[in-house]
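Under the working numbering, the first residue of the sequence shown carries the number 295, and numbering increases by one thereafter. The structure appears below as structure tokens.
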Amino acid sequence: MAEIEIEKKTPKWPWILLILIIIGILIYIFTFNNDDESDDRQKYTTEQTTEESSETRQVSPNNSTVTAYVSFMKEHSDTMGIDHEFINEAFLKLTKATNAMAVEIGYDIKKDIARVRTLLEKITQEAFETTHANSIKEAARILAQSLQNIQQNAFPDLTSEADEVKKAAADIETDVLTLDQKEDVKNFFQESADLLEEMNNNSPQN
């Protein structure tokens, strides 16, 4: 009698288990990677926002550029009168300090600063011209307005100080030689220094 060969059936459960394990691994890998990418995107967005914020609003007390101008004016507080060299340096330092304070609070005065720098070139070149006072008054007016805008935007408690700067700028005469109105010109620089010093010692409120 011939023997009947019986084919042994291989159990299917090991293959099913292997497939399930592979599927589980794939699900884990995709989920983990997505979480990492999400975290990376969130981290990048946070860092980018922080960087942009630090560029436009660097709220740090005692800005060195502002301090440099204030110190310059204190060093010359007892100086008898002013000369063209003093005016040029004072305007240069004041322009930088005003721009630095605007950057501190994220307030854009680039156009004003550009106009002042153009006037500063004229002031340097026309030291002995009759139009010298015109350029000085215009530069002072623009800076005074910029400082008031900064004050209104971030330092509401310094209204009277900003008004004093604008008044000092308005007191400069266009039809009087600069060296004949030394006190008025120097008063504008001093009032600006006082306002900037107050801003530098207080936190912006915007």
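Glycine is no exception: its CB is placed at the ideal position from the N, C-alpha and C atoms. Computed from a prediction, not measured in an experiment: that's the story for all the values here.
Setting aside the 5 residues that flank it on each side, N481 is surrounded in the same chain by A462, D465, each with a C-beta closer than 8 Å to its C-beta; the list follows chain order.
Within a 10 Å sphere around the beta-carbon of Q442 sit 16 or more other beta-carbons, which makes this residue buried. Ranking T418, Q419, L414 by CA distance to the CA of L437 puts L414 first.
Take M395, set aside five residues on each side of it, and the residues of its chain with a beta-carbon closer than 7 Å to its own are N357, V360, I444, L490, M493, in chain order. Apart from the 5 residues on each side of it in sequence, A456 sits with its Cβ closer than 7 Å to the Cβ of L441, Q442, Q445, L489 in its chain, given in chain order. H370 is not a Cβ neighbour of F385, given a cutoff of 8 Å. Short of 8 Å from the beta carbon of E467, and not among the five residues preceding or following it, lie these beta carbons of its own chain, in chain order: A427, K431, Q475, D478. The beta carbons of P498 and I399 sit closer together than 8 Å. With 16 or more neighbouring CB atoms inside 10 Å of its own CB, E485 falls in the buried class. With a 10 Å radius around the Cβ and a threshold of 16 neighbouring Cβ atoms, S429 comes out buried. Excluding its 5 nearest sequence neighbours in each direction, F483 has C-beta neighbours in its own chain below 7 Å: M367, A384, L388, listed in chain order.
In the DSSP assignment, N443 falls within the unbroken alpha helix (DSSP H) covering 426-448. Here P450 has Q499 as same chain residues with Cβ atoms under 7 Å from its own Cβ, once five neighbours each way along the sequence are excluded. The shortest C-alpha to C-alpha distance from A487 to any of A434, H378, L471 is the one to A434.
Going by beta carbons, T418 and N382 fall inside the 8 Å limit. Of the candidates L473, A448, L471, the residue whose Cα lies closest to the Cα of N495 is A448.
Look at G400 here: in three-state DSSP terms it is coil, with no helix or strand label.
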